[in-house]
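Some notes on the structure that comes next.
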Amino acid sequence: MIRALGYFLEIIKGGLITVRHFNTNMWFHTLKVLGFKTKRKGAVTIQYPEEKKALAARHRSLHRLMRREDGKPRCVSCLLCVTVCPSECISVEAAEDPDSEIQKVPAEFIIDMSRCCFCGFCVEACPEDAIRMDTGKIELAEYQRRDLVLDLDKLLK
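In my numbering, the protein residues as written are 1 to 157.
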């Protein structure tokens, strides 16, 4: 019985806090609408799709592959990113490149974003600075799971 009473008291406390915040924000919003300036601001709301918060410079977002000056990918298919990935979401298939002094190029580079945990180990492990997570794209919602699989062409865009 005492335990149930404590439970209901916490629910009442939470409800009172919600009512207090609602009344405070509504009061300041009403004063602002009527033209009165207040020193204190109400609740801060960002209108998300139209307004976006600035991301930190070190924020890890969607992956991308870098290109060399000649337009080819910087990746030399060393497979360090595949080895270090704890989610095992990276798959690289190496191929020989007869046109350059680089011995291997990726014939296939796939990242399954449905498995990625955004740890950034692949970026740190890459000796060629070929993979980065600085696109700023954080919206990864898709209707089909196959749309979350990024291939070489998508990563180079």
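Every residue gets a Cβ at the ideal spot worked out from N, C-alpha and C, and that includes glycine.
* Whose CA, out of Ile110, Ala95, Ile17, lies closest to the CA of Lys197? -> Nothing can be reported for residue 197: it is not among the residues displayed for the chain, which extend from 1 to 157.
* Asked: Given that a residue counts as buried once 16 or more other Cβ atoms are within 10 Å of its Cβ, and exposed if not, what is Ala130?
  -> As a working mapping, residue 130 is identified with position 130 in the sequence shown. When all chains shown are included, Ala130 counts as buried.
* Asked: Helix, strand or coil: which one does DSSP assign to Asp99?
  -> For the purposes of this step, residue 99 is identified with residue 99 of the sequence shown, where counting begins at 1. Of the three classes helix, strand and coil, the one that applies to Asp99 here is coil, per DSSP.
* To do: Leaving aside the five residues before and after Val82 along the sequence, list all residues of the same chain whose C-beta is less than 6 Å from its C-beta, in chain order.
  => Walking along the sequence shown from the start, residue 82 turns up at place 82. Here the set comprises Ile90, Val92.
* Coil, strand or helix - Leu16 by DSSP -> Counting from one through the sequence shown, the residue named residue 16 turns up at place 16. It is helical.
* To do: Consult DSSP for Asp70 and reduce its assignment to one of helix, strand or coil.
  => Residue 70 sits at position 70 when you count from the first residue of the sequence shown. Of the three classes helix, strand and coil, the one that applies to Asp70 here is coil, per DSSP.
* Asked: What is the rounded straight-line gap between the Cα of Ala107 and the Cα of Ala95?
  -> Your numbering for residue 107 matches position 107 in the sequence shown. Your numbering for residue 95 matches position 95 in the sequence shown. The straight-line gap from Cα to Cα measures roughly 5 Å.
* Can you give me the Cβ contacts of Glu69 inside the same chain, cut-off strictly under 8 Å, excluding the 5 residues immediately before and after it? => Along the sequence shown, read from residue 1 onward, the residue named residue 69 stands at position 69. Once the five neighbours on either side are set aside, Glu69 has no close Cβ partner at all.
* Could you name the residues that DSSP lists as bridge partners for Ile161? => Lying before the first or after the last residue shown, residue 161 is absent from the chain, which here runs from 1 to 157.
* When you compare each of Arg20, Arg64, Ile12, Val19 to Phe118 by their alpha carbons, which one comes out closest? -> Sequence index remark: in the sequence shown, residue 118 carries index 118 (1-based). When each option's Cα is compared against that of Phe118, the closest is Arg64.
* Asked: Among residues of its own chain, excluding the 5 on either side of Cys126, which ones have a beta-carbon nearer than 7 Å to its beta-carbon?
  -> Along the sequence shown, one-based indexing puts residue 126 at 126. Excluding sequence neighbours, Cys126 sits near Leu80, Cys81.
* Name the two residues that bound the continuous alpha helix (DSSP H) containing Ile121. => Counting from 1 along the sequence shown, the entry for residue 121 is found at position 121. For the sequence presented, residue 121 should be read as Phe rather than Ile. Its alpha helix (DSSP H) spans residues 121-125.
* Asked: Span of the alpha helix (DSSP H) holding Glu83?
  -> Here the question's residue 83 lines up with position 83 in the sequence shown. Residue identity check: residue 83 is Thr in the sequence provided, not Glu. Looking at the DSSP string, the run of the alpha helix (DSSP H) that includes Thr83 is 80-84.
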